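Q: Numbering (the numbering used here), first residue to last: 45 to 108. We put the beta carbon where it would ideally sit given N, CA and C, even for glycine. The structure displayed is predicted, hence computed values, not measured ones. Starting off with a structure, shown below.
Next comes the structure, spelled out in structure tokens:
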């Protein structure tokens, strides 16, 4: 991604130093988004487990 972003910035006449910095920032942003997606996936599983556990307790209160 960084190379593609760098080439895109250079094609619109952005100075080389700024193009390199911008491409690096985009690469960092992509890494951060990947980490957030992994964290959200974990939170979804945790909430699903807690919800299932609470439903089980609720049903056992009224079935027994």
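(1) Less than 8 Å between the CB atoms is what I'm expecting for residue 69 and residue 50, so what's the real figure, rounded?
(2) Over the uninterrupted alpha helix (DSSP H) stretch that includes residue 107, give me the two end residues.
(3) Count the other CB atoms, across all protein chains shown, that sit within 10 Å of the CB of residue 63; report buried if there are 16 or more and exposed otherwise.
(4) Do residue 60 and residue 54 have their CB atoms nearer than 8 Å?
A: Short version:
(1) Contact flag wrong, Cβ pair sits at about 11 Å.
(2) Here the alpha helix (DSSP H) through residue 107 covers 60-107.
(3) buried
(4) yes
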